[in-house]
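Written out below as structure tokens is the structure these notes cover.
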Amino acid sequence: MLVQVKENQPELLAMCQMLAQYQNPCQQHVDYDKGHGRIETRMIDTFIPPNAWLPEGWQPLVQAVVKVVRVIEHKRKEMAQTSEETAWWVSTVALSAEQFQGAIRGHWSVENQNHHVRDVVMFEDACRIRAQPGILARLRSIALNCMRASDEPCISRAIYRNTLNFNHAVSVAHGRT
Numbered sequence: 004m005l006v007q008v009k010e011n012q013p014e015l016l017a018m019c020q021m022l023a024q025y026q027n028p029c030q031q032h033v034d035y036d037k038g039h040g041r042i043e044t045r046m047i048d049t050f051i052p053p054n055a056w057l058p059e060g061w062q063p064l065v066q067a068v069v070k071v072v073r074v075i076e077h078k079r080k081e082m083a084q085t086s087e088e089t090a091w092w093v094s095t096v097a098l099s100a101e102q103f104q105g106a107i108r109g110h111w112s113v114e115n116q117n118h119h120v121r122d123v124v125m126f127e128d129a130c131r132i133r134a135q136p137g138i139l140a141r142l143r144s145i146a147l148n149c150m151r152a153s154d155e156p157c158i159s160r161a162i163y164r165n166t167l168n169f170n171h172a173v174s175v176a177h178g179r180t
């Protein structure tokens, strides 16, 4: 299992950052991507945490700490803007830096295809339902799965079309579009 460490785990995040200061990476990998008006360089460093390094509940679970530095160069109106961000990950298995890079890219694929659509198109984060929100989340998942199964090329367009025509929504649910 591979999990991103964020600010909501401040002690674990601090220990991961400190590990990189006091230990050289076990492996490194650099990956380049070009597209969508930007050039992205990802540098992956892997670390094996020594015994008793991580917080008490984490030490037996974490086999590897992964540092990902993304340098993104945006080309906008003949001016290049560069941004850099660092992400930290912990893993229950030790993989090569290249394998971690592939796994993290796979995670972002899920993030972009599912969570982004749910947040931006279905406005899930703006939902104000507080009593049993899991029911509405499941209904969103069912709707999204039906639209994807019917090979809808644009989910936002499909949602708009289905809100205007209930019969079309039913045909999507039955796989007949």
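Using the numbering used here, read the sequence shown as starting at 4 and increasing by one per residue.
Note that the Cβ used here is the ideal one computed from N, Cα and C, for glycine as well.
Practice task
Can you tell me which of the three DSSP states F50 falls into?
Solution key: Residue numbering aside, residue 50 sits at position 47 when the sequence shown is read from its first letter. Reduced to three states, the DSSP call for F50 is strand.
Exercise for the section: Assess, as a yes-or-no matter, whether the region 88-96 is touched by the region 66-74 under the definition of 3 or more beta carbon pairs within less than 8 Å. Expected result: yes
Practice task
Confirm, please, whether the CB-CB distance from Q31 to P53 is below 9 Å.
Solution key: For this step, residue 53 is matched to residue 50 along the sequence shown. For this step, residue 31 is matched to residue 28 along the sequence shown. No.
Practice task
Identify the continuous alpha helix (DSSP H) that holds A23 and give its terminal residues.
Solution key: Your numbering for residue 23 matches position 20 in the sequence shown. Counting along the chain, the alpha helix (DSSP H) containing A23 begins and ends at 13-25.
Problem - CB contact flag (T49, Y35, <9 Å) - result: Within the sequence shown, residue 49 is the residue found at index 46, counting from 1. Within the sequence shown, residue 35 is the residue found at index 32, counting from 1. No; because the gap between Cβ atoms is not below 9 Å, this pair is not in contact.
Practice task
For Q100, count neighbouring Cβ atoms within 10 angstroms of its own Cβ and tell me buried if that reaches 16, exposed if not.
Solution key: Here residue 100 is taken as the residue at index 97 of the sequence shown, counted from 1. It is Ala, not Gln, that sits at residue 100 in the sequence shown. With 16 or more other Cβ atoms within 10 Å, it is buried.
Practice task
Step through the CB atoms of chain B and report whether any lies within less than 9 Å of the CB of H118.
Solution key: The structure shown has no chain B; it contains just one protein chain.
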